[in-house]
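Report on one structure; see the data block that follows.
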DNA sequence: TAGTTGACGACGG
DNA sequence: TCCGTCGCCAACT
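In our numbering, the protein residues as written are -16 to 87.
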């Protein structure tokens, strides 16, 4: 468990219900240097049994690029739809209005 | 110890 | 506008 792991987890937990965030936004806000590190850290969160709403993190196009890393590929979509986010073709509909930006 | 991998994004052609 | 390439950097093998 490293420091930036915890930063990613803490920020991800702040994402409100019904909103989504992107890897790039998180990487930029936390000054991680690379968006890939965010995805990697979230991947670790599962293997370490962390309760992180990783399904609220998508790539910059609003695509559910991380769904294959969930226990089942459609789990990410189901969880987002349960929060009122519409998913079509593995993409977040009306993506720009759903994006949440971290507050300092 | 060194090479490879990866839930991305920016940039140039 | 779309596609390919490269940089990012820590963990894994």
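A virtual CB, placed ideally from N, CA and C, is assigned to each residue, including glycine.
Selected residue, minimal CA-CA separation from residue i, among the options
i	options	result
residue -15	2, 27, 5	27
residue 78	5, -3, 15, -4	5
residue 42	-1, -4, 73, 0	73
residue 20	0, 62, 7	7
Own chain, CB closer than 7 angstroms to residue i, minus 5 neighbours either side, in chain order
i	result
residue -8	28, 33, 35
Status (buried if at least 16 other CB within 10 Å, exposed otherwise) for residue i
i	result
residue 58	exposed
residue 97	Because the chain in this structure spans residues -16 to 87, residue 97 falls outside the shown range and cannot be described.
residue 37	buried
residue 87	exposed
Residues of its chain near residue i, where Cβ-Cβ distance is below 6 angstroms and the 5 sequence neighbours each way are ignored
i	result
residue 48	42
Nearest-angstrom Cα separation, counted from residue j out to residue i
i	j	result
residue -10	residue 81	22 angstroms
residue 11	residue -12	14 angstroms
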